[in-house]
Amino acid sequence: MSNVSSSSVREVNFDGLVGPTHNYSGLAHGNVASMSHGGLVSNPKEGALQGLLKMKSLMDAGYAQGVLPPQQRPDVGALRGLGFSGSNSEVLARAAKEAPQLLRAVCSASSMWTANAGTVTPSVDASDRRVHFTPANLQSSFHRYLEPQTTGRVLQAIFHDEQHFAHHPVLPATPAFSDEGAANHTRLCGEHGEPGVHLFVYGRQAFGVEREPKRFPARQTLEASQAVARQHGLTEAQTVFAQQHPDAIDAGVFHNDVIAVGNGPVLLYHEMAFLDETRTLDELRAKMSTPLIPVRVPLDAVSMEDAVASYLFNSQLLSNPDGTMTLVVPSECQEREAVWRTIQDFILAGNNPVGEVVVKDVKQSMRNGGGPACLRLRVALSEAEQAALTGRVLMNNALYDDLTAWVNRHYRDRLAAEDLADPQLAKEVLVALDELTHVLKIGSVYPFQLSQ
Ligand code: SUG
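The numbers in full-length UniProt numbering rise by one with no breaks, and the one at position 393 of the sequence shown is 393.
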């Protein structure tokens, strides 16, 4: 059992590396950016370099930064499971001809959005004092349903030491337990090493009768959130379950992290985030051992359209040693006057710890609906837990240089729909990923490495 002193705990943001097949396929129903950019030509190299620069600049600013690898795509094994046969090239060619939508799905680099990789409970909140992980089943879309197995292997490879880390099975991949991971989970606390209260936000109840969205699907169920909380041993006193506002989902808010972000005692949220805002806040206040600091953005300051287009709430809210916080926003926030004004006049000028805004360009990811907060999985770790990590996954200058060189060596700068069936692309990816597991020193995690 680890011996955690609250001051030695830091939040490490593990960003997903943008994979070599990053493309725009319009795969995510209810995700306005994905729906409107489907068919665009992507630039995987630029996407990966934008992601790496975000990691590097946050590391340079003193934040603890980690990295998670992309997945093996195209997932030819998934196509074989759907009845395509022959050599890899034949499988890809047949899928391109007979089911292009399936080919696009198995090529998605969606694992970059590690906020959906799983749900994490820090050791300070767990009765066995270990960090707990559950990979998300992502069953609500086929392209994302392909992620959890490799995600589980990657998490188990990195957080390998059983003395410090506990891994739980993916929830049953069926609509009743639809789980999208940390994107719908916010831990509120004092300092990161102090006990926290876990806010689980769900879009629908599988076995209940609450109001549901009409236009777009609700991806997270109450039953899934409750199961994850149970797996991690969280008690009623440590958890709050709140329904996301169905009208927000219908406006394109497919995860709670598109409309709210919390850090420490601060909850920055839009008026339309929760169906029952008063009850949600009251319950948090009743359970938290430190005063909640709500920062509520009203609808008349930021419209739903502005919130969804700018991804203001998909910002990272990061703690600084002096007690202030920094808001890391996507550059799209600068392009919407009402949003930029709200950041300056309302959030920064308000009576709360948020004292600085930092702008990041992650446009390649944003066009698929992935902002700065989607790209990272937060894992609060003590010094001992950090020391127990396996592999070379904590960002430093040498790792940044190695990963940048790796991207420049292997990535294409242009990927259109017709390129996805190119057998050469599939070969390039395997060479690149094999090399990456050596750069990161995480061992064999990919299907092609395990079947050898
Ligand atoms: O699941 N987009 C992802 C974006 C996930 C963002 N994550 C968080 N909000 N935490 C999704 O909708 C689009 C892929 C495409 O259309 O090619 C996509 O999967």
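C-beta: ideal position from N, C-alpha, C; glycine also. These numbers were taken from a predicted model, which means no experiment stands behind them.
{"query": "Using a threshold of 8 Å, state whether the C-beta atoms of V14 and G66 are closer than that.", "result": "Here residue 14 turns out to be Phe, not Val, going by the sequence shown. Yes, Cβ-Cβ distance for F14 and G66 is below 8 Å."}
{"query": "Just checking W113 against the ligand SUG - is the residue's beta carbon closer than 7 Å to any of the ligand's heavy atoms?", "result": "yes"}
{"query": "So the beta strand (DSSP E) Q238 belongs to, where does it begin and stop?", "result": "Taken as a continuous stretch (DSSP letters only), Q238 belongs to no beta strand (DSSP E), as it is neither H nor E."}
{"query": "Could you tell me the alpha carbon to alpha carbon distance between R376 and K54, rounded to whole angstroms?", "result": "11 Å"}
{"query": "By a C-beta neighbour count over all protein chains shown, 10 Å radius and 16 as the cutoff for buried, is V429 buried or exposed?", "result": "buried"}
{"query": "Mapping the DSSP letters down to three states, classify I259 as helix, strand or coil.", "result": "coil"}
{"query": "Going by DSSP, which residues form a beta bridge with residue 453?", "result": "Here the chain comprises residues numbered 1 to 452, so residue 453 is not present and cannot be evaluated."}
{"query": "What residues in its chain sit with their C-beta under 8 Å from that of T324, if we drop five residues either side in the sequence?", "result": "P353, V354, G355, E356"}
{"query": "Tell me which residue opens and which closes the alpha helix (DSSP H) that D422 is part of.", "result": "No alpha helix (DSSP H) contains D422, which DSSP labels as neither H nor E."}
{"query": "Could you name each continuous alpha helix (DSSP H) segment of 4 residues or more that falls completely within the region 30-98, going from the start of the chain to the end?", "result": "32-37, 44-60, 76-81, 88-98"}
{"query": "R144: beta carbon under 7 Å from a heavy atom of the ligand SUG?", "result": "yes"}
{"query": "For N408, which three-state DSSP category applies?", "result": "helix"}
{"query": "Pick out the complete alpha helix (DSSP H) segments inside the region 204-233, 4 residues or longer, and give them in chain order.", "result": "222-231"}
{"query": "By the three-class DSSP mapping on this structure, what secondary structure does I442 have?", "result": "coil"}
{"query": "Kindly examine the ligand SUG and report whether one of its heavy atoms sits closer than 7 Å to the Cβ of A242.", "result": "no"}
{"query": "Please confirm whether S57 has its beta-carbon closer than 8 Å to some beta-carbon of chain C.", "result": "In summary, chain C is missing from the structure at hand, where a single protein chain is found."}
{"query": "Run the CB neighbour count on A115, radius 10 Å, all protein chains shown included, and call it buried at 16 or more, exposed below.", "result": "buried"}
{"query": "Rounding to the nearest angstrom, what Cα-Cα distance links A432 and T134 in this structure?", "result": "28 Å"}
{"query": "Taking a contact to mean a Cβ-Cβ separation below 8 Å, would you say P294 touches L267 in this structure?", "result": "yes"}
{"query": "Under a Cβ-count criterion, where at least 16 other Cβ atoms within 10 Å of its own Cβ denotes burial, should F207 be classed as buried or exposed?", "result": "exposed"}
{"query": "Looking only at its chain, what residues have a beta carbon closer than 8 Å to the beta carbon of V240, apart from the 5 residues adjacent to it on each side?", "result": "V197, H198, L199, F200, T280, E283, L284, K287"}
{"query": "Nearest CA to the CA of S140: which residue from R219, P70, S87?", "result": "R219"}
{"query": "Counting Cβ pairs closer than 8 Å, one from the region 91-107 and one from the region 359-374, do we hit at least three?", "result": "no"}
{"query": "Please name the residue, chosen from P70, Q316, W406, that lies closest to S108 on a Cα-to-Cα basis.", "result": "P70"}
{"query": "Under the three-state reduction of DSSP, which class applies to residue 463: helix, strand or coil?", "result": "Outside the shown range of the chain, which is 1 to 452, sits residue 463, and nothing can be said about it."}
{"query": "Can you check which of these residues, D257, F274, V106, is closest to P213 by C-alpha distance?", "result": "F274"}
{"query": "May I ask whether a heavy atom of the ligand SUG can be found less than 7 Å away from the beta carbon of L34?", "result": "Checking the sequence shown, residue 34 turns out to be Ser, not Leu. Correct: S34 has its Cβ closer than 7 Å to the ligand SUG."}
{"query": "To the nearest angstrom, report how far apart D75 and R296 are at their CA atoms.", "result": "42 Å"}
{"query": "Which of the three DSSP states is assigned to Q305 in this structure?", "result": "A quick correction: the sequence has Glu, not Gln, at residue 305. Helix, per DSSP."}
{"query": "Ends of the beta strand (DSSP E) at S365?", "result": "That residue, S365, is in no beta strand (DSSP E); its alpha helix (DSSP H) goes 363-366."}
{"query": "Kindly indicate the opening and closing residues of the alpha helix (DSSP H) around H143.", "result": "142-145"}
{"query": "I'd like the list of long-range same chain contacts for L381, defined as Cβ closer than 6 Å, with 5 residues on each side in sequence excluded.", "result": "V12"}
{"query": "Taking 7 Å as the cut-off, is the CB of G51 close to at least one heavy atom of the ligand SUG?", "result": "no"}
{"query": "When you compare the region 76-91 with the region 169-177, are there three or more beta-carbon pairs, one atom per stretch, that lie closer than 8 Å?", "result": "no"}
{"query": "Using the Cα positions of E337 and A309, report the straight-line distance between them to the nearest angstrom.", "result": "12 Å"}
{"query": "What ranges does the alpha helix (DSSP H) occupy inside the region 271-301, keeping only unbroken runs of at least 4 residues that lie completely in it?", "result": "277-287"}
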